[in-house]
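**Student:** What follows is a structure written as structure tokens; I'll ask about it next.
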Amino acid sequence: MIRILCDNGSERSWCTRSLANCLKLKSIRKERLSVFFFGSVEPVERTYDVEVITLISRYDPDQLISVEVLIVDTIATTPMAIPNADVRKGMQSEGLNLADTRESKAKIEILIGGDVFWRIIDASHAVKLNNTVTCVPTTFGFALQGTQSGSRGPCSVNLIVSASNVQVLWDLETLGIREETEMIVTDRKLLDQFNRNLKFKDGRYEVKLL
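For the sequence shown, UniProt numbering gives the first residue as 1, with consecutive numbering after it.
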């Protein structure tokens, strides 16, 4: 079993080189991309191998999905905690299969990006477990959205957002990408606020919601 990070803020899906080598995946092509790394001002051009991996649910072998992934050395370095005992007990009483039961030290091997995100996430059938935790059904079991008591960080690896104004959402996505001269006043204020709130703590970036 492997751990997966779901992030619809990423346009593409990624896989660690170590997992690709372990599974003996074959490159189907190469892609050269201009990538904005977190905190960077200018994009960095890099060439990535593109390979195909098939992910299968441990709860139902018929639930599977083939994904094109870009190969990268590391996806995340910070350990992600699994749900605590109270959350697991609450899910069990509701008959919900938890997607992530690996130990917290197990590293993230795959990042599911926006190209595949909504093929495995079904936000319309989310189950509210308590005031702070919501269970979201995925192809691989229920993932958690929210914060669990006694935890230093969120117990979810899924970010689900909605926007009534698609243009506003698109504008937010392009912050830091468009040329300086193209930025309107609102964009500039948002970007300045983002930069002020951005902190590097315990080996990872943290930022307040805008």
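Glycine is no exception: its CB is placed at the ideal position from the N, C-alpha and C atoms.
1. Which residue or residues does DSSP assign as beta-bridge partners of residue 219?
2. Using a Cβ-Cβ cutoff of less than 7 Å, which residues in the same chain neighbour Asp115 once the five nearest sequence positions on both sides are dropped?
3. So, are the CB atoms of Gly90 and Asn130 less than 8 Å apart?
4. Give the secondary structure of Ser57 by DSSP, where H, G and I count as helix, E and B as strand, and everything else as coil.
5. Pick from Thr74, Arg46, Leu55: whose alpha carbon is nearest that of Ile65?
6. Would you call the region 72–84 in contact with the region 15–29, where contact means no fewer than 3 C-beta pairs closer than 8 Å?
7. Taking C-alpha atoms, which residue in Phe200, Arg3, Phe140 lies nearest to Asp62?
8. Ile110 and Thr138 look like a contact to me (Cβ under 8 Å); what is the Cβ gap, rounded to whole Å?
9. Which class does Gln167 belong to by DSSP, given the choice of helix, strand or coil?
10. Rounded to whole angstroms, what is the Cα-Cα separation between Leu198 and Val207?
11. Between the alpha carbons of Leu144 and Leu25, how many angstroms are there, rounded?
12. Just the Cα atoms here: how many angstroms apart are Asp60 and Ala99?
13. Note down, in chain order, each residue of its chain lying with its Cβ closer than 6 Å to the Cβ of Glu31, except the 5 sequence neighbours on either side.
14. Report the rounded CA-to-CA distance for Leu23 versus Arg102, giving the unit in angstroms.
15. Could you check the C-alpha separation between Asn195 and Ser93 for me, to the nearest Å?
**Tutor:** Reading from the atomic positions:
1. Nothing about residue 219 can be read from this structure; the chain reaches only from 1 to 210.
2. Glu11, Arg12, Ser13, listed in sequence order.
3. Yes.
4. Of the three classes helix, strand and coil, the one that applies to Ser57 here is coil, per DSSP.
5. Out of Thr74, Arg46, Leu55, Leu55 has the C-alpha closest to the C-alpha of Ile65.
6. Flag = yes, the region 72–84 and the region 15–29 touch.
7. Nearest C-alpha to Asp62: Phe140.
8. The pair is not a contact, with the Cβ atoms about 13 Å apart (cut-off 8 Å).
9. Because the pLDDT at Gln167 is just 42, under 50, the model does not fix this residue reliably, and the value given afterwards should be weighed accordingly. Helix.
10. About 5 Å.
11. Their Cα atoms are separated by approximately 30 Å.
12. Cα to Cα, the separation comes out at about 12 Å.
13. The residues are Tyr48, Val50.
14. Approximately 19 Å between the Cα atoms of the pair.
15. Distance from the CA of Asn195 to the CA of Ser93, rounded to the nearest whole angstrom, comes to 43 Å.
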